[in-house]
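Engineer: Can you read through this structure? Questions will come right after.
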Amino acid sequence: MYLKLRYCNKVDYNRSINICGSKSETNRLLIIKKLYKNVYIRLSNTSNSNDAKLMALSLRTRKNVINVQDAGTVMRFLVAYFSILKDRTVILTGTERMKKRPIYHLVKALNKIGCDIKYMKNIGYPPILIKGKKIYKNKIKINSKISSQYISSLILIGPKLKNGLIIKLSGDKISLSYIKLTISILKKLKFNIKFRKNYIIIKPFKSKSKEKIKYNIESDWSSASYFYSIISILDRNKKIILKKYKRNSLQGDSKILFIYYKYFGIVTKFKNKHKIIIKKKKNFIYPKYFTLDLKSTPDIAQTIIVTCALLKIKCLLTGLKTLKIKETDRLIALQNELKKIGVFTIITNNSIEIIKFKEIKNYNKNIIINTYKDHRMAMSFSVLAIKNEIFIENPKTVNKSYPNFWNDLKKIGFNLKMINNI
């Protein structure tokens with residue numbers, strides 16, 4: 550299945566786009582809501598992504614085998630969750646790609662405090678067998694250079710342990726913004742947690758009364774990034790209105806606001822009721838080259854590199870080690886697809902750099918973007934349709950994080966047509 554995509558420039562730009570709530574916030578809150586019975590949380594603006602649906606289903610099911618498909622966050626959060634559920638035994642598995650995504654450091658940390666987790670096939674990778682136990686040990690040391698999801702997984706169960714949890718982080722902190730997001734959510738819900746240098750100190754949760762808390766989940770900033778990219782490429786008189794965003798966001802990817810202002814001249818104006826308007830700054834002079842460390846926000850790397858490619862801006866993006874173990878190896882995927890439009894890059898295990906632009910013969914004909922079953926490849930490359938008609942392979946992959954993405958593109962002037970073959 551392919552999506553034929555082309556920008557037609559016939560639209561009312563006063564229409565608002567209502568992006569669903571952050572899947573990162575939603576998945577954390579679903580775990581908290583299930584684990585801490587004495588905290589009654591009423592959630593609004595939850596994510597309608599496949600990942601969030603998988604998390605909700607996995608928390609409800611009584612089955613012994615749980616298939617999380619390609620949802621990395623769901624896998625990693627559930628490892629810690631099920632490991633402390635006394636008398637519950639489950640097998641966590643997923644797609645073939647999931648079975649190649651490492652989980653060793655998280656499992657090692659949990660087993661060291663007394664959890665019972667075993668590998669069923671390859672050491673360090675799913676599927677895994679978990680026998681839930683009551684845990685008394687409360688000190689963990691974990692390598693924080695691999696994945697922030699390991700740390701967040703541990704933080705979420707910390708208040709449930711009889712003696713709380715003290716987590717010592719070793720090495721560079723990858724995707725630190727997501728660790729801070731987890732901590733901020735717990736603090737907002739009045740859990741006792743502190744982050745000091747390399748230590749996260751979590752006290753056991755002791756509330757005895759059901760406290761009713763309304764939690765309005767902010768819309769997803771990672772999803773908003775694609776519209777920042779689109780505005781960067783469109784004419785200067787265009788604007789896009791996005792709803793349910795906060796000035797003081799907990800989400801790390803809200804840094805897209807500052808990045809696109811500094812390097813692409815995109816201005817963000819906050820209006821009443823959490824509405825933002827994004828548009829181009831007048832007389833903005835684009836840089837010829839820039840470097841940017843995305844260690845804390847690697848999920849917006851694809852959006853930024855494609856924006857640079859279309860604006861003919863050379864750049865070096867670093868801090869991207871985790872992109873090697875996502876739905877696909879995103880660095881290789883980016884290099885392959887950018888080459889199709891004459892953009893040449895150098896990649897390492899931690900970076901991607903645009904080094905050359907070259908005119909490609911027949912560039913305007915049948916540009917097919919392979920998505921590698923990666924939702925962010927599909928969405929980040931959609932902006933190419935502003936310049937030329939393109940074909941997006943496996944367009945339904947966006948359901949993983951943003952099911953309404955293609956419909957929202959229609960609202961701002963894109964023509965879409967599903968076809969079986971090219």
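Numbering-wise, the sequence shown is residues 550 to 971 according to this note's numbering.
Beta carbons are placed, not taken as given, at the ideal position from N, Cα and C, and that holds for glycine.
Please read all numbers here as calculations on a predicted model, not as lab measurements.
Got a sec? Which residues, its chain only, sit under 8 Å from K949 by beta carbon, not counting five neighbours each side?
Structural biologist: S598, N599, D600, D619, A620, E876, H924
Engineer: Which value, in whole angstroms, describes the spacing of the CA atoms of E767 and I909?
Structural biologist: 41 Å
Engineer: To the nearest angstrom, how far is it from the Cα of S701 to the Cα of T894?
Structural biologist: Whole-angstrom Cα-Cα distance: 33 Å.
Engineer: Can you give me the C-alpha to C-alpha distance between S593 and T731, rounded to a whole angstrom?
Structural biologist: 18 Å
Engineer: Any idea what DSSP makes of G570, helix, strand or coil?
Structural biologist: DSSP, reduced to helix, strand and coil, places G570 within a strand of the structure shown.
Engineer: Using only CA atoms, which one of I790, K690, R637 lies nearest to L548?
Structural biologist: Residue numbering for the chain in the displayed model covers 550 to 971; residue 548 lies beyond these limits and cannot be assessed.
Engineer: My output table needs one value for S929: the three-state DSSP class, helix, strand or coil.
Structural biologist: Of the three classes helix, strand and coil, the one that applies to S929 here is helix, per DSSP.
Engineer: Determine, using beta-carbon pairs with one atom in the region 740-747 and one in the region 780-795, whether at least three such pairs fall under 8 Å.
Structural biologist: no
Engineer: Output needed for S803: all residues of its chain with C-beta closer than 7 Å, excluding positions within five of it in sequence on either side, in chain order.
Structural biologist: W770
Engineer: Only counting the same chain, and skipping five residues up and downstream in sequence, which positions put a Cβ closer than 6 Å to that of L735?
Structural biologist: I742
Engineer: Hey, could you find the ends of the alpha helix (DSSP H) S598 is sitting in?
Structural biologist: Per DSSP, S598 belongs to no alpha helix (DSSP H) and is neither H nor E.
Engineer: Among L678, I581, P676, R591, which residue has its Cα nearest to the Cα of I762?
Structural biologist: Of the candidates L678, I581, P676, R591, the one whose C-alpha sits nearest the C-alpha of I762 is R591.
Engineer: Exposed or buried, I581, counting other C-beta atoms within 10 Å across all chains shown (16 or more means buried)?
Structural biologist: buried
Engineer: For Y685, which of helix, strand or coil comes out of DSSP?
Structural biologist: coil
Engineer: I want to see whether chain B comes within less than 8 Å of I881, judged by CB atoms only; does it?
Structural biologist: Protein chains in the displayed structure number just one, and chain B is not present.
Engineer: Tell me the residue span of the beta strand (DSSP E) that contains S719.
Structural biologist: 714-719
Engineer: Counting only runs of 4+ residues fully inside the region 731-786, write out the alpha helix (DSSP H) ranges in chain order.
Structural biologist: Those alpha helix (DSSP H) runs which fall completely within the region 731-786 and span 4+ residues are 770-782.
Engineer: From the DSSP output, in three-state form, read off N948 for me.
Structural biologist: helix
Engineer: Exposed or buried, which one is D636 when buried takes at least 16 other CB atoms within 10 Å?
Structural biologist: exposed
Engineer: Taking only three categories from DSSP, how would you classify M624?
Structural biologist: helix
Engineer: What is the residue span of the alpha helix (DSSP H) that E902 lies within?
Structural biologist: No alpha helix (DSSP H) holds E902; the beta strand (DSSP E) holding it covers 901-906.
Engineer: Can you pull the DSSP bridge partners for F819?
Structural biologist: I825
Engineer: Report the partner residues of F893 according to the DSSP bridge assignment.
Structural biologist: DSSP lists K905 as partners of F893.
Engineer: The beta strand (DSSP E) that contains I812, what's its start and end?
Structural biologist: The sequence as given places Tyr at residue 812; Ile does not occur at that position. Segment 805-813 is the alpha helix (DSSP H) holding Y812; no beta strand (DSSP E) there.
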